[in-house]
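Residue numbers (this note's numbering), protein chains in the order written: chain D, 1 to 109; chain U, 1 to 109. Here's the structure, in structure tokens; my notes come after.
Here's what the structure looks like:
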């Protein structure tokens, strides 16, 4: 996760994944790394940003060209396995929000 | 920052603020706390989530009832001062993305 994602001009889509990790690793780190790699290889993937507090609360935002690209990624077989393990083992709680990015601006030069 | 925000059914808006902090505090923590307090008192504020990595990369997402509520908050006088200090002193880099949340779901019970 190299920090701020380079994304094109809006419009595009964001999936905001807000979560609280369960204690312990239980295979989480390895799967998380694999999911980053796999997401980046999907059609319509534009970038990803992630940050987590020491207390376990974290936010991951992935950026996508279209709703169809998001649905395609959500239905990926290997990702489905990860989602199931996420529900069962890795996350005490989470919320997924799908949003259309309408405007974006950076720090002035 | 108490973790996952409780938000109403979509549609609503999200402001995704992705940033890399400059080293040192320089009044940052005090102002950040004040901005959380002030944002929460604005009309149309729905919630806020924030996480930062030890390396300085962080994501703050605030949720709003409308674009008008976001514009009103952006133009708040005390917030304008904070934005200026943010550009000048606290953030090496940042991107602000304004997005319309179209769908949201949580962890199944």
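We put the CB at the ideal spot given by N, CA and C, even for glycine.
Strand pairing of residue 51 of chain U, partner residues [DSSP]: For residue 51 of chain U, which the question treats as bridged, DSSP gives the partners U:59.
Determine whether the Cβ of residue 106 of chain U lies closer than 8 Å to any Cβ atom of chain D. Judged by the 8 Å Cβ criterion, residue 106 of chain U is in contact with chain D.
What does a CB cutoff of less than 6 Å around residue 1 of chain D pick up in its chain, not counting 5 residues either side in sequence? Any answer about residue 1 of chain D is weak, because its pLDDT of 48 lies below 50 and its placement is not dependable; what the coordinates show is given next. The answer, listed in chain order, is 50.
Does DSSP put residue 4 of chain D in a helix, a strand or coil? Residue state for residue 4 of chain D is assigned as coil, using DSSP reduced to three classes.
Can at least three beta-carbon pairs, one atom from the stretch 93-102 of chain U and one from the stretch 12-20 of chain U, be found at a separation below 8 Å? Counting Cβ pairs under 8 Å, three or more are found: they touch.
Using a C-beta cutoff of 8 Å, does residue 89 of chain D count as contacting chain U? Residue 89 of chain D does not count as touching chain U.
Excluding sequence positions up to five away, which residues of its chain have a Cβ less than 6 Å from the Cβ of residue 52 of chain D? Its chain contains 58 as the residues whose beta carbon lies nearer than 6 Å to that of residue 52 of chain D, once the 5 sequence neighbours on both sides are disregarded; these appear in chain order.
Use the C-beta contact count for residue 29 of chain U: other C-beta atoms within 10 angstroms, 16 or more gives buried, fewer gives exposed. So residue 29 of chain U ends up on the exposed side.
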